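Student: The structure under discussion is supplied below as structure tokens; questions concerning it will follow.
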Amino acid sequence: MGRRFPCSIGKGGVLTRKAEGDGATPRGTHRLVGMLYRPDRMSRPADWALPIRHGDLWSDDPTHEDYNLMVRAPYPHSHEKLRRADRLYDLILLTDWNWPYAVKGRGSAIFIHRWRKRGHPTEGCIGLDPRHLRWIAPRIRHSTRLIVL
Numbered sequence: 337m338g339r340r341f342p343c344s345i346g347k348g349g350v351l352t353r354k355a356e357g358d359g360a361t362p363r364g365t366h367r368l369v370g371m372l373y374r375p376d377r378m379s380r381p382a383d384w385a386l387p388i389r390h391g392d393l394w395s396d397d398p399t400h401e402d403y404n405l406m407v408r409a410p411y412p413h414s415h416e417k418l419r420r421a422d423r424l425y426d427l428i429l430l431t432d433w434n435w436p437y438a439v440k441g442r443g444s445a446i447f448i449h450r451w452r453k454r455g456h457p458t459e460g461c462i463g464l465d466p467r468h469l470r471w472i473a474p475r476i477r478h479s480t481r482l483i484v485l
């Protein structure tokens, strides 16, 4: 829709050549390929949004076959919990960074999620004001893109 939103980026800045653990946000144009939400904290933001359940995790272990995919607990490999105690992941937009066929070590998921506070860096994801994130979510279409300059 040609809109720009203030955001937080990764503590490693914006890089063209992203690697796992560098804390950077990848430069480029990215498709939005999924939406996850906490049904205990908000109503479904779009028809195609999937609920985050207890035990939902995201694999960030480049040595494992599930690298950069959603997995379920128990999961003995390196991962990130999607159902967090804080509100950071109440609504997650999934980008197509290194997905669906992940190149090991190129970096796991780049999410769009709420920011901790304006200007506070992320681990590589995009952080948005929660009001902007809620405005964007129901308006996403197949042609919607995230552009990181």
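In the numbering used here, each number is its position in the sequence shown, counted from 1, plus 336. Every residue gets a Cβ at the ideal spot worked out from N, C-alpha and C, and that includes glycine. These numbers come from a predicted model, not from an experiment.
1) Three or more C-beta pairs closer than 8 Å, one from the stretch 451-468 and one from the stretch 339-354: is that the case here?
2) Which of helix, strand or coil does DSSP assign to Pro-410?
3) Check whether the stretch 457-477 touches the stretch 395-402, counting contact only when three or more Cβ pairs, one atom from each stretch, lie closer than 8 Å.
4) Less than 9 Å between the C-beta atoms of Ala-385 and Gly-443, yes or no?
5) Which whole-angstrom value is the C-beta distance of Val-484 and Arg-363, which I expect to be below 8 Å?
6) Is the CB-CB distance between Leu-429 and Gly-370 below 9 Å?
7) Note down the Cα distance separating Glu-356 from Ala-382, rounded to an integer number of angstroms.
8) Could you check how far apart the C-beta atoms of Ile-388 and Leu-418 are, in whole angstroms? I think they sit under 8 Å.
Tutor: So, from the data block:
1) The stretch 451-468 vs the stretch 339-354: in contact.
2) coil
3) no
4) no
5) Between Val-484 and Arg-363, the beta carbon gap of about 5 Å places them in contact (Cβ cut-off 8 Å).
6) yes
7) 30 Å
8) 5 Å
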